[in-house]
Amino acid sequence: MLYSHALVLTQRPARYGKQMAAHFAHKLETSWDGEMGTLLFVGRGKDCDDPRFAYEGTAVVTMTCVEQGLDIVIDAPEELLSRFEGVVVRHLVRFGASEDLAVTFEQKQRAE
1 MLYSHALVLT QRPARYGKQM AAHFAHKLET SWDGEMGTLL FVGRGKDCDD
51 PRFAYEGTAV VTMTCVEQGL DIVIDAPEEL LSRFEGVVVR HLVRFGASED
101 LAVTFEQKQR AE
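Next up, the structure:
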């Protein structure tokens, strides 16, 4: 099973984690405790009128503050990984524009 991983180098990981959770809170189930949080994206089916939710399946984005920055893992069905990598990248790059945040995901095989 694949997952996506990125380490976003920043001196302010908690700020960006909190901002991501707050931004999505009106649409999704989110959490942020100051050091770690999640975003839960739940699809509403391919026929959903809202294209943001027109997919099958669930994606969980886990954000953790680490010494170097914000560690991000996306767990989702393989066919949705690229979609949610894009969602996270677009938002973090916009939120971190003053810092020129670089966000690069790598898809990895989960050990079973």
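Read in the UniProt record's numbering, the sequence shown has 60 at position 60, and its numbers run on one by one without any break.
Beta carbons are placed, not taken as given, at the ideal position from N, Cα and C, and that holds for glycine.
The structure displayed is predicted, hence computed values, not measured ones.
For residue 24 and residue 75, the gap between their C-alpha atoms comes out near 17 Å. The continuous beta strand (DSSP E) containing residue 109 extends over residues 106 to 109.
Counting along the chain, no alpha helix (DSSP H) covers residue 79, and no H or E run does either. Beta-bridge partners of residue 96 (DSSP): none assigned.
Per DSSP, residue 3 is one residue of the beta strand (DSSP E) stretching across 2 to 9. Linking residue 17 to residue 36 through their CA atoms gives a straight-line distance of about 7 Å.
In the DSSP assignment, residue 41 is bridged to 59.
A distance below 9 Å separates the beta carbons of residue 19 and residue 95. Assignment of beta-bridge partners to residue 36 by DSSP yields 64. A contact is defined here as three or more CB-CB pairs under 8 Å, and the stretch 105 to 112 fails this definition with respect to the stretch 27 to 34.
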